[in-house]
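J.: Quick one: this structure, given as structure tokens, is what I'll be asking you about.
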Amino acid sequence: MKKRVVTLGEVLMRLTTASNERFEQSDSYAVHFGGAEANVAISLAKWNVSTANITAFPDHTIGKAAFNYLRKYGVNTDYIKFSDGRMGLYFLENGVMQRSSKIIYDRFDSAFSKLDPTAFNWDEILENADWFHWTGITPAISASASQICLDALTAAQKLGITVSGDINYRRNLWQYGKSPLEIMPDLISKSNVIVGGLTDFENCLDIRANSYEEGCRKVQQKFPTAHTFSTTQRKIISASHNKLSAVLYKNESLHVSKSYDMENIVDRIGGGDAFMAGLIYGILHKGDQGALEFAVASSVLKHGIPGDANLVSLEEVEQLLKGNDIGRLLR
């Protein structure tokens, strides 16, 4: 039976400088839409999972273009709101070789940040859902976005739906008078699958540890609903050459993935979301080690695709896992 996954989060318009140019050089920008949770929904939709992204757009042509972007890739848009506020933006200067990439956010007062929490009937939205996914970006945006996230998690927990949270700590986002330590513990207490590293545990939960296994055990002791933990491990050789692997902790066992050498990276934005989508798909359809390997392979393929979304098929991920057709011209 086809699985159903619901995600919650803001979608931004992304403007990227041309041909690895610096901001001060570029007189044209490539336009994409993207958001951590929407990126997850798009990946899963391409893998024959029914998905819906809950978000809001300004009621004008650009907002409708973002709306149609999600529909184009098979994401259900029935619960998306059009409201006051602007379209959030971010600007990307892609790094290359030893020069780092740069991002500038311009998302203050967006339509999503101003959403009324009472606008959503979560029992209706989550009907027949197998999974709900959120990230630490949403509660950092505004008090109302934080409340919407809490309402969604409370409803999902009540309905017995598996909940995943990509903690995704962003220090500069918390600007509305609340700190992560005031908000994140309650959200994590209602989650089952946690993606985050030791820095995330420290900043969002005030939990410190010397190893990933120790950190996961401490989180689990405090929040017993959490049963699965995962994080990627990235070795940066240069902006365009990274090595990627990941670990998964469950039932007091640490699973370690294969490591991939990624040379000539095209676009690393969305790589973490591709990993998250792969982990959700893997947990729904494979065992623990299989889920981890699928997630890493999914993320690796995203690094070769411009834009935020991981536009790869299920078959392409499976072929990479098998070591088949890597880099070949397929006719």
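Sequential numbering of the sequence shown, starting at 4, is according to this note's numbering.
Ideal Cβ positions, reconstructed from N, Cα and C, are used throughout, including at glycine.
Could you pull out every unbroken alpha helix (DSSP H) segment of at least 4 residues lying fully inside the segment 84–143, listed in chain order?
T.: The DSSP assignment places complete alpha helix (DSSP H) segments of no fewer than 4 residues inside the segment 84–143 at 125–128, in order along the chain.
J.: I'd like to know whether the C-beta atoms of G273 and G218 end up nearer to each other than 9 Å.
T.: No, these two residues do not count as a Cβ contact at 9 Å.
J.: Which residue marks the beginning of the alpha helix (DSSP H) containing A41, and which one marks its end?
T.: A39 to K49
J.: Within 10 angstroms of the Cβ of K49, are there 16 or more other Cβ atoms? Answer buried if so, exposed if not.
T.: buried
J.: Looking only at its chain, what residues have a beta carbon closer than 8 Å to the beta carbon of A146, apart from the 5 residues adjacent to it on each side?
T.: Y179, G180 and K181
J.: Does the segment 39–46 come into contact with the segment 87–100, if we say contact requires no fewer than three beta-carbon pairs (one atom in each stretch) closer than 8 Å?
T.: no
J.: Whether or not the segment 93–106 and the segment 131–144 are in contact is what I'm after, with contact meaning three or more pairs of Cβ atoms, one per stretch, closer than 8 Å; do they touch?
T.: no
J.: Got a sec, what are the start and stop residues for the alpha helix (DSSP H) F297 sits in?
T.: It spans D291 to K305 - the alpha helix (DSSP H) in which F297 sits, taken as one unbroken run.
J.: CA-CA distance, V299 and L247?
T.: 8 Å
J.: Hey, which unbroken runs of the alpha helix (DSSP H) at 4 residues or more fall wholly within the segment 231–268?
T.: DSSP assignment within the segment 231–268 yields no whole alpha helix (DSSP H) run of 4 residues or more.
J.: Which of helix, strand or coil does DSSP assign to S53?
T.: strand
J.: Compute the distance between the beta-carbons of E296 and S260, then report whether it is under 9 Å.
T.: The beta carbons of E296 and S260 sit closer together than 9 Å.
J.: Is the segment 118–128 in contact with the segment 266–280, if contact means three or more CB pairs nearer than 8 Å?
T.: no
J.: Between which two residues does the alpha helix (DSSP H) containing M187 stretch?
T.: P183 to I191
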